[in-house]
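Protein chains in written order, with my numbering: chain A, 491 to 638; chain B, 96 to 210. Below is one structure; the comments refer to it alone.
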């Protein structure tokens, strides 16, 4: 299986990549814009554990009837201010969202959102994060050897 | 949305293959039998049948019970649901960025005001 469902969305904002990255990853920013019109995103329900394997969760509450829409994702890559990747396992068989922040050099930044279904073998963010953690441990181990 | 997430992944993986997409394009022009679908392609009837099974499992096509030939029928509504899903998601991100733009403007005016 190669590429499946795909979506690319681009938007240019008058802000630095750092500020935009923070907007996408800090609850006090997220609550202002995350939910669509007609919903609120209570800050108390936003979970951001900003590291590979960490949780990213939001609850959007409909103003009209109080219905709640919960998003549960897991970060796969966290690289301020260039790139942010998370996976929602429960959506469309595993939905991967990649946000790239491109500094246009004139005070503006292009934010490119790319969403795609995930091939089954990469489906769990935990699997990837686990691999990254193993590599980190390996690096520590090598560094320890060098110190000794 | 009329189809649930798990089914959506079936639909998307069915759509990922160029042969299957060309089969759907052919069926959009009208119902066709396996023979009629095999003729214009380089593939064997067996290979085409395999692709049809994937499309059938994703319920993008159905097979009628009319006689031996069992023509394939495009389930257009199902295909529309997949396209709808992509469109809905695009709309969510468009709204989100509209609101982000407002939020950034508010941040700017706040920092200008504090100077």
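Ideal Cβ positions, reconstructed from N, Cα and C, are used throughout, including at glycine.
Give the range of the beta strand (DSSP E) segment to which residue i is assigned.
i: residue 605 of chain A; result: 599 to 607
Let me confirm a value: residue i is counted as buried when at least 16 other C-beta atoms fall within 10 Å, else exposed. Which label applies?
i: residue 135 of chain B; result: exposed
i: residue 599 of chain A; result: buried
i: residue 597 of chain A; result: exposed
i: residue 178 of chain B; result: exposed
i: residue 113 of chain B; result: exposed
i: residue 160 of chain B; result: exposed
i: residue 141 of chain B; result: exposed
i: residue 612 of chain A; result: For residue 612 of chain A, the predicted model reports a pLDDT of 41, less than 50, meaning its position is unreliable; a value from the coordinates is still stated below. By the 10 Å Cβ count, residue 612 of chain A comes out exposed.
i: residue 610 of chain A; result: Unreliable positioning characterises residue 610 of chain A in this predicted model, as indicated by a pLDDT of 45, which lies under 50. The coordinate reading is nonetheless provided below. Classification for residue 610 of chain A: exposed.
i: residue 104 of chain B; result: buried
i: residue 603 of chain A; result: buried
i: residue 531 of chain A; result: buried
Nearest-angstrom Cα distance between residue i and residue j?
i: residue 110 of chain B; j: residue 181 of chain B; result: 13 Å
i: residue 567 of chain A; j: residue 127 of chain B; result: 46 Å
i: residue 146 of chain B; j: residue 184 of chain B; result: 28 Å
i: residue 683 of chain A; j: residue 202 of chain B; result: Only positions 491 to 638 of chain A appear in the structure, and residue 683 of chain A is not among them; the question remains open.
i: residue 506 of chain A; j: residue 595 of chain A; result: 9 Å
i: residue 552 of chain A; j: residue 560 of chain A; result: 11 Å
i: residue 580 of chain A; j: residue 208 of chain B; result: 44 Å
i: residue 589 of chain A; j: residue 107 of chain B; result: 21 Å
i: residue 189 of chain B; j: residue 528 of chain A; result: 14 Å
i: residue 548 of chain A; j: residue 520 of chain A; result: 9 Å
i: residue 517 of chain A; j: residue 536 of chain A; result: 6 Å
i: residue 94 of chain B; j: residue 576 of chain A; result: The structure shown does not extend to residue 94 of chain B, since chain B is modelled only from 96 through 210, so no value can be given for it.
i: residue 174 of chain B; j: residue 204 of chain B; result: 46 Å
i: residue 616 of chain A; j: residue 538 of chain A; result: In this prediction, residue 616 of chain A has a pLDDT of 47, which is less than 50 and means its spatial position is unreliable; what the coordinates show is noted afterwards. For residue 616 of chain A and residue 538 of chain A, the distance between alpha carbons rounds to 16 Å.
i: residue 511 of chain A; j: residue 196 of chain B; result: 14 Å
i: residue 498 of chain A; j: residue 192 of chain B; result: 13 Å
i: residue 170 of chain B; j: residue 164 of chain B; result: 18 Å
i: residue 515 of chain A; j: residue 131 of chain B; result: 53 Å
Could you name the residues that DSSP lists as bridge partners for residue i?
i: residue 499 of chain A; result: A/603
i: residue 194 of chain B; result: None; residue 194 of chain B has no bridge partner.
i: residue 132 of chain B; result: For residue 132 of chain B, which the question treats as bridged, DSSP gives no partner whatsoever.
i: residue 167 of chain B; result: B/127 and B/158
i: residue 107 of chain B; result: Note: residue 107 of chain B sits in no beta bridge, so no partner.
i: residue 462 of chain A; result: Nothing in the structure corresponds to residue 462 of chain A, since chain A is present only between 491 and 638.
i: residue 586 of chain A; result: A/577 and A/606
Identify the continuous alpha helix (DSSP H) that holds residue i and give its terminal residues.
i: residue 122 of chain B; result: 113 to 124
i: residue 150 of chain B; result: 140 to 152
i: residue 512 of chain A; result: 507 to 515
Legend entry - the stretch 525 to 539 of chain A: positions lying closer than 9 Å to chain E by Cβ: Note that chain E does not occur in the displayed structure, where the protein chains are A and B.
Inset, instruction - For the stretch 524 to 580 of chain A, list the beta strand (DSSP E) runs that are entirely contained and at least 3 residues long, ordered along the chain. - result: 545 to 552, 558 to 569 and 573 to 578
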